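J.: Chains as they are written, first to last, in my numbering: chain A, 1029 to 1236; chain B, 1029 to 1236; chain C, 1029 to 1236. No residue lacks a Cβ here, since even glycine has one placed at the ideal position from N, Cα and C. As the structure is a computational prediction, the values presented were derived from the model and not from experiment.
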Amino acid sequence: MSFSFLPKEIDFFILFDKLANVAIRASEYFTEICSSGKFDEDTVSKMREIEHEGDDITHEIIRKLNTTFITPFDREDIHALANELDSVIDMINTIVNRMKVYKLNGVNSDLVEFTVVVEKSVRAVAHAVAGLRDTKHLQHALDSCVEVNRLENVGDTMRDNMLAKLFDSAPDTIYLIKWKEIFEDAETVLDVCEDVANVIESIAVKQA
Amino acid sequence: MSFSFLPKEIDFFILFDKLANVAIRASEYFTEICSSGKFDEDTVSKMREIEHEGDDITHEIIRKLNTTFITPFDREDIHALANELDSVIDMINTIVNRMKVYKLNGVNSDLVEFTVVVEKSVRAVAHAVAGLRDTKHLQHALDSCVEVNRLENVGDTMRDNMLAKLFDSAPDTIYLIKWKEIFEDAETVLDVCEDVANVIESIAVKQA
Amino acid sequence: MSFSFLPKEIDFFILFDKLANVAIRASEYFTEICSSGKFDEDTVSKMREIEHEGDDITHEIIRKLNTTFITPFDREDIHALANELDSVIDMINTIVNRMKVYKLNGVNSDLVEFTVVVEKSVRAVAHAVAGLRDTKHLQHALDSCVEVNRLENVGDTMRDNMLAKLFDSAPDTIYLIKWKEIFEDAETVLDVCEDVANVIESIAVKQA
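1) Quick one: which chain B residues come within Cβ less than 7 Å of Ala1192/C?
2) Exposed or buried, Val1233/B, counting other C-beta atoms within 10 Å across all chains shown (16 or more means buried)?
3) Give me, in chain order, the residues of the same chain whose beta-carbon lies closer than 8 Å to that of Ile1123/C; leave out the 5 immediate sequence neighbours on both sides.
4) Please report the straight-line C-alpha distance between Asp1171/B and Phe1040/A, rounded to a whole angstrom.
5) What's the gap between the Cα of Leu1047/A and the Cα of Arg1053/A?
6) Starting from the beta carbon of Leu1160/A, find every residue of chain F whose beta carbon is closer than 7 Å, and list them in chain order.
7) Contact defined as beta carbons within less than 8 Å: I believe Val1145/A pairs with Met1186/A. What is the distance between those atoms, to the nearest angstrom?
8) Pick helix, strand or coil for Ser1030/C, following the three-state DSSP scheme.
9) Going by the beta-carbon positions, is the gap between Ala1192/C and Val1129/B smaller than 8 Å?
10) Examine chain C for any beta-carbon lying closer than 8 Å to the beta-carbon of Leu1139/B, and answer yes or no.
11) Kindly list, in the order they appear in chain C, the residues whose Cβ is closer than 7 Å to that of Thr1201/A.
12) Suppose contacts are defined by Cβ-Cβ distances below 8 Å. Is Ala1051/C in contact with Ile1117/C by that definition?
13) For a contact meaning CB atoms closer than 9 Å, what does Glu1212/B contact in chain C?
14) Determine the burial state of Ser1030/A: buried for a count of at least 16 other Cβ atoms within 10 Å of its Cβ, exposed for fewer.
15) Here's the rule I'm using: 16 or more other beta-carbon atoms within 10 Å means buried, otherwise exposed. How should Val1135/B be labelled?
16) When you compare the CB of Asn1094/A with every CB in chain B, is at least one pair closer than 8 Å?
17) Would you check if the distance between the CB atom of Cys1062/A and the CB atom of Thr1143/A is smaller than 8 Å?
18) Look at the alpha carbon of Ser1064/B and the alpha carbon of Leu1194/B, and state the distance between them as a whole number of angstroms.
19) Are the Cβ atoms of Leu1139/A and Lys1206/A separated by less than 8 Å?
20) Take Asn1049/B as the anchor and find which of Glu1104/B, Glu1079/B, Phe1067/B has the nearest alpha-carbon.
21) If you drop the 5 nearest sequence neighbours on each side, which residues of the same chain put their C-beta closer than 6 Å to that of Ala1108/C?
22) Looking at C-alpha atoms only, which residue of Phe1044/C, Arg1076/C, Asp1219/C is the closest neighbour of Gly1183/C?
23) How would you list, in chain order, the residues of chain C whose beta-carbon sits under 7 Å from the beta-carbon of Asn1226/A?
24) Out of Tyr1203/A, Ser1230/A, Val1150/A, His1087/A, state which residue places its alpha-carbon closest to the alpha-carbon of Leu1179/A.
25) For Asp1219/A, name the three-state secondary structure that DSSP assigns.
26) Is the shortest distance between the beta-carbon of Arg1103/C and the beta-carbons of chain A less than 8 Å?
27) Starting from the C-beta of His1165/B, find all residues in its chain whose C-beta is less than 8 Å away, skip the five residues before and the five after it, and write them out in chain order.
28) Would you kindly work out how many angstroms separate the C-alpha atoms of Arg1091/A and Asp1223/C, rounded to a whole number?
29) Are the CB atoms of Ser1230/A and Asp1114/A nearer to each other than 8 Å?
30) Can you tell me where the alpha helix (DSSP H) holding Lys1128/A begins and where it ends?
31) Return helix, strand or coil for Ala1048/C, following the three-state DSSP convention.
32) Does Gly1065/B come out as helix, strand or coil in the three-state DSSP assignment?
33) Apply the 10 Å Cβ neighbour rule to Glu1141/C and answer buried if 16 or more other Cβ atoms are within range, or exposed otherwise.
34) Using three-state DSSP, classify Ile1098/B as helix, strand or coil.
35) Can you find the residues in the same chain that come closer than 8 Å, C-beta to C-beta, to Glu1147/A, ignoring five residues on each side of it along the sequence?
36) Using a Cβ cut-off of 8 Å, pull out every chain B residue sitting near Glu1229/C, in sequence order please.
Listed below in structure tokens is the structure:
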């Protein structure tokens, strides 16, 4: 009978991996849209679908949390991890949406370059999430968290350079206002990835 | 003797209800000011009074927390719930204040429509807070949290539409900068309501 | 043998004091740069060095947390306190960096006045951090938290006045956009100090 707990524990890791994979797909699709320069009803609604998938898995995690007695780590940490992971997807969706609102069609090569860093960070987050399973070798999860922090610093510098260029060369103030926000929001995705890494570090720290 | 704990437990729920009611009054007064279009010394200072009331109750909750042995749920969650509820009031106060700083007198019908959604969300938050009392039927509290999340999505779309309209029709850039901020801040109230809902879900999850 | 735990406990307080002292140095140097009006490669890189020192101590705290069995308070609170304290330093560094990106050389007397409030708040934070040691008199730490909250309110009013003046007298929109952001970011340092105070209050509340 005692084995009956085990499948439930594993469930959470499966769900977290699913959620992290949706985040990866969101970041990949973000790169794809920015590379094509199309922020129309089609691309926005496809991104929204990905975002809804993330919401569904997040709600499933919280529902399971309400009906499961044994959890692999503290209940509030499962809740926080699900919410923060979901926030990564939300933030990417927010940017794509905002680009449509601002009618920013066309390819911005700086932004495309930035989306590659976002993708890397989201993959490192997914790695860290998967690493939580292996409680004997949490250092792997922690190494991925260090990588997420490193990429956040890289992103800071890239955004600063993009902003400096923008203030020097924007054709008009409205253009500047729009792109300033997009560049800053893109960097915020890296900040939210860092928030996920902080939750993961906090979970690992309690199991030390 | 064992009953002596009970009144203290109930105290927290009474205080939380009081704080949630101040949040409701703040959101009602927000609608009222926006409908009248008067952001002068009078309305701003009346809103500030409401905000101070919120601060006082929040401090009372934290003081009681320091002198009470038995609490209805984890001490840090009481602390987080009080702070997040207070942040809802603070954010509404911030907007009213900013409208005075920006001299944005006059009725903006988009904003008035938005304040109605804010009011709904704050009422749902108050419902969720009250629902924490009923530990046998926490589903009621959780249902209100779902409503708070739904309204946040509604608000996202409304704000996007308001921003699209603003960028199309603002008479000048300064006007655009001011209203862009107000619309975004109004949506932030819904985000903070969602933060409260997250704390409530997290509390409910631990009692599952 | 039982004393072997004690030095480890004390370690954390020493590290927190070190981190708080780096925050004080960051705030002092912030005042110094703003008073000189030089935001060049030299001053920016010296501030970045201070920020790296903060990162190093934060990582040391988290590393120690992973290898220490007994901690003076909850592991996740040590983690949160280290991260929030580090965020104070990060935010100050962000502003200095942004001023260089925006080429905002020259002395802005409003900003200089504001940095004095930031310095006071960071010192109050350091006081609160040091006060956590004295578990019998946590009221001292809590009093410093009240002071941090008070200074955040003072900063809100100062920023509002600075913004009102800016909107009345900015020579052009780009100037307005840049300084609006700097003034708001400066106030955000006080918000982050308040976040640290919230963590400290939350820790104190659990030891009540």
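T.: This is what the structure gives:
1) The residue you call residue 1192/C lines up with position 164 of the third sequence. Close partners of Ala1192/C in chain B (Cβ separation under 7 Å): Val1129.
2) Here residue 1233/B corresponds to residue number 205 of the second sequence, with the count starting at 1. It is buried - the Cβ of Val1233/B has at least 16 other Cβ atoms within 10 Å.
3) Looking up residue 1123/C in the third sequence gives position 95. Result list for Ile1123/C: Phe1058, Ile1210, Asp1213, Ala1214, Val1217, in chain order.
4) Numbered from 1 along the second sequence, position 143 holds the residue referred to as residue 1171/B. Numbered from 1 along the first sequence, position 12 holds the residue referred to as residue 1040/A. Between Asp1171/B and Phe1040/A, the alpha-carbon positions lie close to 23 Å from each other.
5) As a working mapping, residue 1047/A is identified with position 19 in the first sequence. As a working mapping, residue 1053/A is identified with position 25 in the first sequence. Cα-Cα distance, rounded: 10 Å.
6) Annotation note: the requested chain F is absent from the structure, which comprises protein chains A, B and C.
7) As a position in the first sequence, residue 1145/A is number 117, starting the count at 1. As a position in the first sequence, residue 1186/A is number 158, starting the count at 1. About 7 Å separates the Cβ atoms of Val1145/A and Met1186/A, confirming a contact at the 8 Å cut-off.
8) Indexing the third sequence from 1 puts residue 1030/C at position 2. Because Ser1030/C carries a pLDDT of 40, less than 50, the predicted location of this residue cannot be relied on, and the following value inherits that uncertainty. If DSSP states are grouped into helix, strand and coil, Ser1030/C belongs with the helices.
9) Against the third sequence, residue 1192/C aligns to sequence position 164. Against the second sequence, residue 1129/B aligns to sequence position 101. Yes, they are a contact pair.
10) Indexing the second sequence from 1 puts residue 1139/B at position 111. Not closer than 8 Å to any Cβ of chain C, the Cβ of Leu1139/B fails to qualify, so no.
11) As a working mapping, residue 1201/A is identified with position 173 in the first sequence. Correct list: Thr1201, Ile1202.
12) The residue given as residue 1051/C occupies position 23 in the third sequence. The residue given as residue 1117/C occupies position 89 in the third sequence. In contact: Ala1051/C and Ile1117/C (Cβ atoms closer than 8 Å).
13) Your numbering for residue 1212/B matches position 184 in the second sequence. Simply none; closest approach about 13 Å.
14) Counting from 1 along the first sequence, the entry for residue 1030/A is found at position 2. Note on Ser1030/A: pLDDT 41, under 50, position unreliable in the model; the coordinate value appears next. Only exposed fits Ser1030/A, as fewer than 16 other CB atoms lie within 10 angstroms of its CB.
15) What you label residue 1135/B is simply residue 107 of the second sequence in a count that begins at 1. Exposed, because fewer than 16 other Cβ atoms sit within 10 Å of the Cβ of Val1135/B.
16) Start at 1 with the first residue of the first sequence, and residue 1094/A comes out as number 66. Answer yes: the Cβ-Cβ gap between Asn1094/A and chain B drops below 8 Å somewhere.
17) In the first sequence, residue 1062/A corresponds to position 34, counting from 1. In the first sequence, residue 1143/A corresponds to position 115, counting from 1. When the beta-carbon positions are compared, Cys1062/A and Thr1143/A come within less than 8 Å of each other.
18) Taking the second sequence and counting its residues from 1, one reaches residue 1064/B at position 36. Taking the second sequence and counting its residues from 1, one reaches residue 1194/B at position 166. C-alpha separation (whole angstroms): 21 Å.
19) What you label residue 1139/A is simply residue 111 of the first sequence in a count that begins at 1. What you label residue 1206/A is simply residue 178 of the first sequence in a count that begins at 1. Result no, Cβ atoms of Leu1139/A and Lys1206/A do not sit closer than 8 Å.
20) As a working mapping, residue 1049/B is identified with position 21 in the second sequence. The option with the nearest alpha carbon to Asn1049/B is Glu1079/B.
21) Residue numbering aside, residue 1108/C sits at position 80 when the third sequence is read from its first letter. When the five nearest sequence neighbours on each side are left out, the beta carbons in the same chain lying within less than 6 Å of the beta carbon of Ala1108/C are those of Val1227, in order along the chain.
22) Here residue 1183/C corresponds to residue number 155 of the third sequence, with the count starting at 1. When only C-alpha atoms are compared, the closest one is Asp1219/C.
23) Along the first sequence, read from residue 1 onward, the residue named residue 1226/A stands at position 198. Below the 7 Å Cβ cutoff, chain C contributes Asn1111 as neighbours of Asn1226/A, in chain order.
24) As a working mapping, residue 1179/A is identified with position 151 in the first sequence. With distances taken between Cα atoms, Leu1179/A lies closest to Val1150/A.
25) Counting from 1 along the first sequence, the entry for residue 1219/A is found at position 191. In the structure shown, the three-state DSSP call for Asp1219/A is helix.
26) The residue given as residue 1103/C occupies position 75 in the third sequence. With 8 Å as the cut-off, Arg1103/C counts as an interface residue toward chain A.
27) In the second sequence, counting from the first residue as 1, residue 1165/B sits at position 137. Short of 8 Å from the beta carbon of His1165/B, and not among the five residues preceding or following it, lie these beta carbons of its own chain, in chain order: Gly1159.
28) Translated into the one-based positions of the first sequence, residue 1091/A becomes position 63. Translated into the one-based positions of the third sequence, residue 1223/C becomes position 195. Rounded to whole angstroms, Arg1091/A to Asp1223/C spans 30 Å at the Cα level.
29) Position 202 of the first sequence, counting from 1, holds the residue named residue 1230/A. Position 86 of the first sequence, counting from 1, holds the residue named residue 1114/A. Remark: C-beta atoms of Ser1230/A and Asp1114/A do not approach each other more closely than 8 Å.
30) Walking along the first sequence from the start, residue 1128/A turns up at place 100. Annotation for Lys1128/A: the continuous alpha helix (DSSP H) segment containing it runs 1103 to 1129.
31) Locating residue 1048/C in the third sequence gives position 20, where the first residue counts as 1. Note: Ala1048/C maps to helix in three-state DSSP.
32) The residue given as residue 1065/B occupies position 37 in the second sequence. In this structure, Gly1065/B counts as coil in the three-state DSSP scheme.
33) Translated into positions along the third sequence, residue 1141/C becomes position 113. Exposed: under 16 other Cβ atoms inside 10 Å.
34) If you number the second sequence from 1, residue 1098/B lands on position 70. The three-state secondary structure of Ile1098/B, taken from DSSP, is coil.
35) As a working mapping, residue 1147/A is identified with position 119 in the first sequence. The beta carbon of Glu1147/A is closer than 8 Å to those of Ile1052, Ser1055, Glu1056, Phe1058, Thr1059 in its chain, skipping five residues each way along the sequence.
36) If you number the third sequence from 1, residue 1229/C lands on position 201. The contacting residues are Ile1090, His1107.
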